[in-house]
Amino acid sequence: VVIRDVVAGMAHVRSLGEELKSFKLAIDRHSSDPNNRSAEPLLPDLPALSSPSMVLQGHDACHIRAQLPLRFRWVETWSLLYSTATHGISFGTFLRNVEYRSPTLILVKDEQYHTFGAFCSAPWDTHPGCFGTGESFVFRVRPEFETYRWSPGNNDYFMLCRKGEGIAIGGGGSNAIRLEPDFLQGTSGNCATFDSPCLASGNDFRCLFMEVYTFE
């Protein structure tokens, strides 16, 4: 009887292991499907934010988390590096706070309460040209969650950062997201890098809040 119980217990453990493996594979397929722009995330738990967000609400962070590269998806805490609400509208402060930190998550809320952002794979610093890698992607959070990723064959204008010009993500046609150095004005349009449409409420927008997080 004891042996039978042990064997049954081992079979149950194997069954649970197979279920967990299947769940992980489902998550990976779900988040890596380039055609699955607006699917519901399979991760139910929210990350811990080091400071309250002026951009995210409800389960917004959960939607974003489900789209992150796997090695960052399970990081417990998103640490706030820069926020216009906390640190003011200073390009210099932005550069100091994000120096050497990667990857970063850029989050924007415009005056029409559209929220959107970008996962940026390289550290932010001033460069004469574009930088970053194909892990970078852009997304719209509200009014409807959608993700837009780079595909081989698209241009590699992932990130741009110049003093006096601000920052930009994506290029070719228009930037997916461009923010002026004071982080008060921005533009968004059809972007060839990520095959993304305008992410904001309009091609030209006023920025209510901008936040930058890293994963720790």
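Yeah, the sequence shown ends on 216 if you go by the UniProt record's numbering, and it's all consecutive. Built from N, CA and C at the ideal position, the CB exists for glycine as well. The model shown is predicted, which means the values in this text are computed figures rather than measured ones.
Inter-residue CB distance, residue i and residue j (contact presumed, cutoff 8 angstroms)
i: W124; j: V98; result: 5 angstroms
i: S50; j: W78; result: 7 angstroms
i: R149; j: F205; result: Rounded, the Cβ-Cβ distance is 23 angstroms, inconsistent with contact.
i: M159; j: A122; result: 6 angstroms
i: S201; j: Q57; result: Contact flag wrong, Cβ pair sits at about 17 angstroms.
Buried/exposed call for residue i, threshold 16 Cβ in 10 Å
i: D211; result: Checking the sequence, you will find Glu at residue 211 rather than Asp. It is buried - the Cβ of E211 has at least 16 other Cβ atoms within 10 Å.
i: G17; result: Since pLDDT at G17 reaches only 48, below the 50 mark, its modelled position is unreliable, and the value read off the structure follows with that caveat. That one is exposed.
i: D182; result: exposed
i: N203; result: exposed
i: D110; result: buried
i: G189; result: buried
i: R71; result: exposed
i: G88; result: exposed
i: L105; result: buried
i: R140; result: buried
i: L199; result: buried
i: Y157; result: buried
i: residue 223; result: Here the chain covers residues 1 to 216 and nothing more, so residue 223 does not appear.
i: R96; result: exposed
i: S151; result: exposed
i: Y213; result: buried
i: H114; result: buried
i: S31; result: With a pLDDT of only 49 at S31, under the threshold of 50, the placement of this residue in the model should not be trusted; the figure read from the coordinates follows. Buried, because 16 or more other Cβ atoms sit within 10 Å of the Cβ of S31.
i: P103; result: buried
i: T147; result: buried
Separation of residue j from residue i, as counted between CA atoms
i: C62; j: P47; result: 7 angstroms
i: A26; j: L68; result: Residue confidence for A26 is low, a pLDDT of 46 falling below 50, so the modelled location carries little weight; the figure read from the coordinates is stated next. So the two alpha carbons sit approximately 15 angstroms from each other.
i: G129; j: C207; result: 25 angstroms
i: F215; j: S53; result: 15 angstroms
i: H59; j: F119; result: 18 angstroms
i: D45; j: L184; result: 32 angstroms
i: G153; j: A168; result: 20 angstroms
i: T187; j: G172; result: 14 angstroms
i: G166; j: A176; result: 14 angstroms
i: S90; j: G170; result: 22 angstroms
i: T86; j: F94; result: 11 angstroms
i: R142; j: V55; result: 10 angstroms
i: C161; j: Y100; result: 14 angstroms
i: residue 225; j: P197; result: Residue 225 is absent from the model: the chain starts at 1 and stops at 216.
Cutoff 7 angstroms: residue i Cβ touching any chain C Cβ
i: F94; result: The structure shown contains no chain C; it holds only a single protein chain.
(Q) Can you confirm whether the region 80 to 95 touches the region 129 to 141 when touching is taken to mean that 3 or more C-beta pairs between the two stretches lie within less than 8 angstroms? (A) no
(Q) So within the region 83 to 114, which uninterrupted beta strand (DSSP E) runs reach at least 3 residues, ignoring any that extend past its ends? (A) Listed in chain order, the complete beta strand (DSSP E) runs (minimum 3 residues) inside the region 83 to 114 are 104 to 110.
Q: Any chance you could list the beta strand (DSSP E) runs of at least 3 consecutive residues sitting entirely within the region 134 to 177, in chain order?
A: As far as the region 134 to 177 is concerned, its whole beta strand (DSSP E) runs of at least 3 residues are 137 to 142, 146 to 149, 159 to 162 and 166 to 169.
Q: Could you pull out every unbroken alpha helix (DSSP H) segment of at least 4 residues lying fully inside the region 51 to 85, listed in chain order?
A: 60 to 65 and 70 to 73
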